[in-house]
Amino acid sequence: MDVYECKICGKLFSGRKKKYCSQACSDEARRIRNRDRWRKDHPDWNKDANKICEWCGKDFSVPTRNAHIAKFCSDKCRDTWWSRTVYGYKSIEERNEERRKQKEIRQKRLEKERTVKRFKNSIQTIIKIKEEERIKKLTRNCVECGNLFYNPSPNVLTCSAECSRKRNRRVSRMIYKGRINKKNLIDKDINLTKLYKKYDGMCYLCGQQCDWNDKVVTHEGHTIVGEKYPTIEHVVPLSKGGMHSWDNVKLACMKCNTLKGDKI
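Residue numbers (our numbering): 1278 to 1541.
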């Protein structure tokens, strides 16, 4: 049996005389013949063709056989074209410019916010100072007990409802007895508690200490004061034309006040 050598792959084979060992080698031989015939008909097939890069615009050369598909002068231009045109990405310069503008806008906004904040803080500080001044101005001593208190109404004289009741009862009692009237009433804020504090509890007549506890409360609820109980003493008695004013009142114990009577 005759043995033949394949003209394409060089493999030895037997059987009917033929040039190729298989259909694959026969197809490869046909492809080579077609290629050689095409190259013969196109003698300039292997020469370079000039092209213009579609991205950067530079001239570049490619083999003629690839000229119909060549668009870019380099892989960098090709990738950049895809990035900008297809995916819509911006260049690093454009992105940096946008970041710079955004930074400027952000800095202006922050500066405006800081300015507004400083202004608000200044206004709040002024309001706080004004409020403190107002509170300080409207903080005064209670005309009954002498304690400091705050009330937004400047016409309020007492610190509590209890002091207000005490003051009303005291003034009403003196007016009812006829001792104090429109002619001799100068200072309405005079009270025993404040007078006691003013003179440190010392009777101005005998020089001894007055005693708040020198009193007895009966079963009926009546209070009987003793000799050392503090009282309001009018230096010039009201019956002799004296005024109910701070200049005319002093602290005296009950005994001295009683003994003095309406003497001057």
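Every residue gets a Cβ at the ideal spot worked out from N, C-alpha and C, and that includes glycine.
A quick note: this is a predicted structure, and the numbers were derived from the prediction, not measured.
Own chain, CB closer than 6 Å to PHE1426, minus 5 neighbours either side, in chain order: For the purposes of this step, residue 1426 is taken as residue 149 along the sequence shown, with counting starting at 1. Around PHE1426: CYS1419 and CYS1436.
Buried versus exposed call for PRO1431 [16 or more other C-beta atoms within 10 Å across all chains shown]: Here the question's residue 1431 lines up with position 154 in the sequence shown. Counting Cβ neighbours within 10 Å, PRO1431 comes out exposed, since fewer than 16 surround it.
Backbone CA spacing between GLN1486 and ASP1464 [nearest angstrom]: Translated into the one-based positions of the sequence shown, residue 1486 becomes position 209. Translated into the one-based positions of the sequence shown, residue 1464 becomes position 187. GLN1486 and ASP1464 have their C-alpha atoms spaced approximately 25 Å apart.
Close-in-space but distant-in-sequence residues of the same chain around VAL1280 (CB under 8 Å, 5 per side omitted): Numbered from its first residue, the sequence shown carries residue 1280 at position 3. For VAL1280, same chain residues with a beta-carbon under 8 Å away, outside a window of 5 residues either side, are LEU1289, PHE1290 and SER1291 in chain order.
Buried or exposed (CB count within 10 angstroms, at least 16 for buried), PHE1349: Position 72 of the sequence shown, counting from 1, holds the residue named residue 1349. Classification for PHE1349: buried.
Contact with chain D by ARG1355, beta-carbon distance below 7 Å: Annotation note: the requested chain D is absent from the structure, which comprises a single protein chain.
Nearest-angstrom Cα separation, counted from ASP1466 out to MET1531: Along the sequence shown, one-based indexing puts residue 1531 at 254. Along the sequence shown, one-based indexing puts residue 1466 at 189. When the Cα atoms are used, MET1531 and ASP1466 turn out to be separated by approximately 21 Å.
Residue span of the beta strand (DSSP E) that contains ARG1417, given as start and end: Within the sequence shown, numbered from 1, the residue matching residue 1417 stands at position 140. Element bounds for ARG1417: 1416-1418.
For MET1479 and LYS1505, the rounded distance between their alpha carbons: Locating residue 1505 in the sequence shown gives position 228, counting from the first residue. Locating residue 1479 in the sequence shown gives position 202, counting from the first residue. Using only the alpha carbons, I get a separation of about 10 Å.
Residue range of the alpha helix (DSSP H) that includes TYR1473: Taking the sequence shown and counting its residues from 1, the one referred to as residue 1473 is at position 196. First-last of the alpha helix (DSSP H) with TYR1473: 1469-1475.
Among GLU1331, PRO1340 and GLU1371, the one whose alpha carbon lies nearest that of ASP1352: Position 75 of the sequence shown holds residue 1352. For the residues GLU1331, PRO1340 and GLU1371, the minimum Cα distance to ASP1352 belongs to GLU1331.
Reference ALA1529; option with closest CA among PRO1320, GLU1510 and LYS1405: For this step, residue 1529 is matched to residue 252 along the sequence shown. That would be GLU1510, whose Cα lies nearest to the Cα of ALA1529.
Residues near LYS1324 in its chain [Cβ-Cβ closer than 6 Å; skip 5 each side]: For the purposes of this step, residue 1324 is identified with residue 47 of the sequence shown, where counting begins at 1. Closer than 6 Å at the Cβ level, and outside the excluded window around LYS1324, lie THR1341.
The alpha helix (DSSP H) enclosing ASP1352, as first and last residue numbers: In the sequence shown, the residue the question calls residue 1352 occupies position 75. Judged by DSSP secondary structure, ASP1352 falls within the alpha helix (DSSP H) whose first and last residues are 1352-1358.
Buried or exposed (CB count within 10 angstroms, at least 16 for buried), GLU1421: By 1-based counting over the sequence shown, the position of residue 1421 is 144. Of the other Cβ atoms in all chains shown, 16 or more fall within 10 Å of the Cβ of GLU1421; this residue is therefore buried.
Cα-Cα separation between ASP1356 and PHE1396, rounded to whole angstroms: Within the sequence shown, residue 1356 is the residue found at index 79, counting from 1. Within the sequence shown, residue 1396 is the residue found at index 119, counting from 1. About 53 Å.
Backbone secondary structure at ALA1301 - three-state DSSP: Counting from one through the sequence shown, the residue named residue 1301 turns up at place 24. The three-state reading of DSSP puts ALA1301 in helix, counting H, G and I together.
For THR1508, the first and last residue of its enclosing beta strand (DSSP E): Counted from its first residue, the sequence shown places residue 1508 at position 231. Note, THR1508: beta strand (DSSP E), 1507-1511.
VAL1493 burial status per 10 Å Cβ neighbour count (16 or more: buried): As a position in the sequence shown, residue 1493 is number 216, starting the count at 1. With a 10 Å radius around the Cβ and a threshold of 16 neighbouring Cβ atoms, VAL1493 comes out exposed.
LYS1471 versus ASP1491, CYS1533 and ARG1444, residue with shortest Cα-Cα distance: Counting from one through the sequence shown, the residue named residue 1471 turns up at place 194. Out of ASP1491, CYS1533 and ARG1444, ARG1444 has the C-alpha closest to the C-alpha of LYS1471.
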